[in-house]
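Colleague: Have a look at this one before I ask anything.
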Amino acid sequence: MDAARSRQGSLTKPPGSLGVLEEVSVRLAGIAGACPPPRPQRAVVAVFAADHGVVASGVTPWPQEVTTAMVENFRAGGAAVNVLAREAGADVVVVDIGVASDVKEDEVVWARKVRPGTADLSAGPAMTRAEAAAAVGTGIRVADDLVRRGYDVLATGDMGIGNTTASACLIAHLTGRPAAGITGRGTGIDDVMLAHKTAVVAAAVARVPAGADPLDVLAEVGGLEHAGLAGLVLGAAAHRVPVVLDGVIAGAAALVAQALAPAAVDHCFAGHRSVEPGHATALATLGLRPLVDLDLRLGEGSGAVLALPLVRSASAVLRDMATFDSAGIPT
Ligand SMILES: O=C(O)c1ccc[n+]([C@@H]2O[C@H](COP(=O)([O-])O)[C@@H](O)[C@H]2O)c1
Ligand SMILES: Cc1cc2nc[nH]c2cc1C
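Take full-length UniProt numbering: the last position of the sequence shown gets the number 331, and nothing is skipped along the way.
Structure follows, in structure tokens:
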């Protein structure tokens, strides 16, 4: 990172004039342990899909079946993340880590179900500690598989009706903030449903002792996609491969990864800032600055994929710009 900072200072531009792109390039050098770092060229967005028992308690206007239907939309290439990934030159892989229905496996959709959806976190633990640990392990192995296939930058994605409720629980617990400032409208809910959702989050978080082990927090109030995404971050970090995080679900998962292994977050970039209020709080605790801020609240990995060209550009600047010396420009 020192070498990258020093190289940035020698490039043909006023020092610091490329702003956050310079910071991104320095962090890429740190992740790779090399200056200049390898280009983050072969990108994939890993969309972790799972269902949530808490949907039964009335926290989202959408039926659970939409999770499965969207997995089929991802497979067919018709979802927003497919379109945006094509624009960014990224592949899409969908990981069924906990969809409630049976999902067919092919080269796009990977069958990695830990259990068919969580239990209702408003009534008791969402899953067992063993299931949470298994889902984190699944995410680590997905990162291993993707890196082995030659991907050198991973973007996170998610699909799961109800998952903004579990995200709010994880963020409220892991940042110590009250549910009211963290819980948001998810896919779009009215004030009455938001008040109920906030009460569900507050009551669930209150069951979990402060300072609880991160796997116990995941088991009590998390989702299978959160566990898988936390594992993806850990696995990518172990391979020194950068991860571009999507919105509030990824932010919640990254907090779990941070609680398990703080240095893992050094390998992450915040692709964007979601409208969901807990996301800004999560990013502050992660110490990550979002690269784009476009009022997105879709998930799927849309905001992460949109940020990929910025991460690649930061890398290209550090590698390819002329220096004052090489260009013969007086300083
Ligand atoms: O990524 C985000 O910040 C985000 C914000 C709001 C909604 N979502 C997506 O919407 C779904 C969850 O919304 P909800 O209202 O059912 O909890 C899930 O599939 C997420 O991918 C995602
Ligand atoms: C249609 C739809 C698409 C989504 N993509 C991510 N979350 C979603 C939620 C809904 C409802």
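For each residue, glycine too, the CB sits at the ideal point set by N, CA and C. Small disclaimer: the values here were computed from a predicted structure and weren't measured.
Who pairs with M159 in a beta bridge, going by DSSP?
Modeller: Residue mapping note: residue 159 aligns to position 159 of the sequence shown, counting from 1. A49.
Colleague: Give the DSSP-derived three-state secondary structure of T68 in the structure shown.
Modeller: Looking up residue 68 in the sequence shown gives position 68. Looking at T68 - three-state DSSP - the assignment turns out to be helix.
Colleague: What's the call for V20, buried or exposed, on a 16-neighbour Cβ count within 10 Å?
Modeller: What you label residue 20 is simply residue 20 of the sequence shown in a count that begins at 1. Exposed, because fewer than 16 other Cβ atoms sit within 10 Å of the Cβ of V20.
Colleague: How about A100 and L224: are their beta carbons less than 7 Å apart?
Modeller: For this step, residue 100 is matched to residue 100 along the sequence shown. For this step, residue 224 is matched to residue 224 along the sequence shown. No, the Cβ-Cβ distance between A100 and L224 is not below 7 Å.
Colleague: Strictly by DSSP, which residues pair up with residue 354?
Modeller: The structure shown does not extend to residue 354, since the chain is modelled only from 1 to 331, so the question has no answer here.
Colleague: Is DSSP giving C169 helix, strand or coil here?
Modeller: Locating residue 169 in the sequence shown gives position 169, counting from the first residue. Three-state DSSP puts C169 in a helix.
Colleague: Nearest-angstrom Cα distance between A204 and G78?
Modeller: As a working mapping, residue 204 is identified with position 204 in the sequence shown. As a working mapping, residue 78 is identified with position 78 in the sequence shown. A204 and G78: Cα-Cα distance of roughly 36 Å.
Colleague: Pick from D190, T198, R185: whose alpha carbon is nearest that of P178?
Modeller: Here residue 178 refers to the residue found at position 178 of the sequence shown. Taking only the C-alpha atoms, the option nearest P178 is T198.
Colleague: Is there contact between the segment 41-60 and the segment 145-162, where contact requires at least three CB pairs shorter than 8 Å?
Modeller: Enough Cβ pairs lie closer than 8 Å, so yes.
Colleague: Secondary structure at H272, three-state DSSP: helix, strand or coil?
Modeller: Translated into the one-based positions of the sequence shown, residue 272 becomes position 272. DSSP places H272 in strand when its eight states are reduced to three.
Colleague: Considering only heavy atoms of ligand 1, does any lie closer than 6 Å to the CB of N163?
Modeller: For the purposes of this step, residue 163 is taken as the residue at position 163 of the sequence shown. Yes - ligand 1 has a heavy atom lying nearer than 6 Å to the Cβ of N163.
Colleague: Mind checking whether the beta-carbon of E276 lies closer than 6 Å to any heavy atom of ligand 1?
Modeller: Taking the sequence shown and counting its residues from 1, one reaches residue 276 at position 276. Yes - ligand 1 has a heavy atom lying nearer than 6 Å to the Cβ of E276.
Colleague: Are the CB atoms of A80 and L298 within a distance shorter than 7 Å?
Modeller: Along the sequence shown, read from residue 1 onward, the residue named residue 298 stands at position 298. Along the sequence shown, read from residue 1 onward, the residue named residue 80 stands at position 80. Yes. Within cutoff.
Colleague: With DSSP as the reference, label T285 as helix, strand or coil.
Modeller: On the sequence shown, position 285 is the one that residue 285 refers to. Looking at T285 - three-state DSSP - the assignment turns out to be helix.
Colleague: Apart from the five residues on each side of it in sequence, which residues of its chain come closer than 8 Å, Cβ to Cβ, to V108?
Modeller: Taking the first residue of the sequence shown as 1, we reach residue 108 at position 108. Excluding positions up to five away in sequence, the list reads F74, R75, V92, V93, V94.
Colleague: Quick one: grab the DSSP three-state call for G19.
Modeller: In the sequence shown, the residue the question calls residue 19 occupies position 19. Note: G19 maps to helix in three-state DSSP.
Colleague: Where does A132 land, buried or exposed, given buried means 16+ other C-beta within 10 angstroms?
Modeller: Looking up residue 132 in the sequence shown gives position 132. Result: buried.
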